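Protein sequence lines, in the order shown, are assigned to chains Y and A. So in the working numbering, the last spot in the first sequence is 29, and the numbers never skip. So in the working numbering, the last spot in the second sequence is 421, and the numbers never skip. Inspection log for the structure reproduced underneath, given as structure tokens.
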Amino acid sequence: KGKSLYNIKQKHDSGIKAKISMK
Amino acid sequence: GRSLAAALVMRDALSLEEILQLYSQPINEEQAWAVCYQCCGSLRSRGRRGESPSRRVESPADIRIWKDGTVTLGDGARRPPAEGKSEYLHRPETEVIESLGIIIYKALDYGLKENEERELSPPLEQLIDYMTNTVEADGSKDEGYEALDEGVEEENDKGDVEVIQSYRDVMKLCAAHLPTRSDAPNHYQAVCRALFAETMELYTFLARIK
């Protein structure tokens with residue numbers, strides 16, 4: 007997989023991904 | 212391969228799901244802004260034309276990007292309404308906006324592992340945060356009957372949106388993301404038009420190879 011055009015970080019419990027996955 | 216390619220050329224809309232699957236990578240941030248703006252724009256004018264009420268966005272298959280750059284909520288995989296629950300109950304705007312925000316976030320997160328998180332620019336993260344944490348309008352700000360021509364792109368409109376209560380609020384936030392707010396309608400339509408065109412190009416190319 008080529009280098010992605012965005013940065014990836016460790017998922018954070020208080021981050022937006024965690025918030026949305028609880029919806 | 213040629214007949215499939217020919218069939219594809221006839222297409223004048225693609226679902227966001229098809230786009231994600233074809234590229235097997237997430238949409239970029241500008242596409243996210245554009246789909247939000249264009250989708251809320253069509254929902255807003257649809258509401259004023261008194262067309263059938265919109266439903267929650269359940270999956271990327273529900274979001275259709277058209278050749279001309281407009282974005283609509285389609286029927287996706289037409290599912291019969293669940294027992295006793297009428298699918299066609301009018302969904303408050305805030306509920307449709309919340310569901311749209313969730314699907315757009317998932318399109319930005321497409322293909323990432325469960326423990327990975329994409330770093331979004333603060334304005335886009337804020338937009339999605341606001342969209343997914345809407346507040347029921349108290350009726351005093353009734354979106355439905357606002358003047359049709361009341362644009363969301365007035366330059367002097369400094370009233371920054373703190374809480375999203377209507378499709379118009381989403382559009383205002385998206386317009387504020389641009390250096391010149393009044394460019395929003397043309398700019399975001401162009402981004403969606405390009406998204407459709409580039410995807411069709413790839414689709415047709417792959418079909419020919421097949």
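Positions of the beta carbon are idealized from the N, C-alpha and C atoms, including for glycine. Bear in mind that the values here come from a model prediction, so they are computed numbers and not experimental data.
Taking a beta-carbon distance threshold of 7 Å, A:Tyr316 counts as an interface residue toward chain Y.
Taking each of A:Ile313, A:Ala418 and A:Tyr341 in turn and checking the Cα distance to A:Ile274, the smallest one comes out for A:Ile313. Each residue's CA atom was taken as its position, placing Y:Tyr12 and A:Val307 some 28 Å apart.
By the rule that beta-carbons nearer than 7 Å mark a contact, A:Ile313 touches chain Y.
Contact note: A:Thr283 does not reach chain Y at a C-beta cutoff of 8 Å; the least C-beta distance is about 23 Å. Y:Asp19 has its alpha-carbon roughly 32 Å from the corresponding atom of A:Ser265. By the C-beta density criterion, A:Thr391 is exposed, having fewer than 16 other C-beta atoms within 10 angstroms. Of all residues in the segment 317-343 of chain A, those with a C-beta nearer than 8 Å to a C-beta of chain Y are Lys317, Asp320, Leu323, Glu325, Asn326, Glu327, Glu328, Arg329, Glu330, Leu331, Glu336, Ile339, Asp340 and Thr343, reading in chain order. Taking C-alpha positions only, A:Thr345 is separated from A:Glu309 by approximately 7 Å. Residue state for Y:Lys23 is assigned as helix, using DSSP reduced to three classes. The segment 242-249 of chain A and the segment 399-406 of chain A touch, with three or more beta-carbon pairs separated by less than 8 Å. DSSP places A:Leu331 outside both helix and strand once states are collapsed to three, so it counts as coil. Against chain Y, the beta carbon of A:Asn397 has no neighbour under 7 Å; the closest one sits roughly 24 Å away. Selection A:Val282, A:Leu338 and A:Trp277 evaluated against A:Leu384 yields A:Leu338 as nearest (Cα-Cα). For A:Ser226, the enclosing beta strand (DSSP E) starts and ends at Ala224 to Ser226. If you ignore the 5 residues before and after A:Tyr341, its C-beta comes within less than 6 Å of the C-beta of Ile375, all in its own chain and listed in chain order.
Residue range Ile14 to Gln16 is occupied by the beta strand (DSSP E) that includes Y:Gln16.
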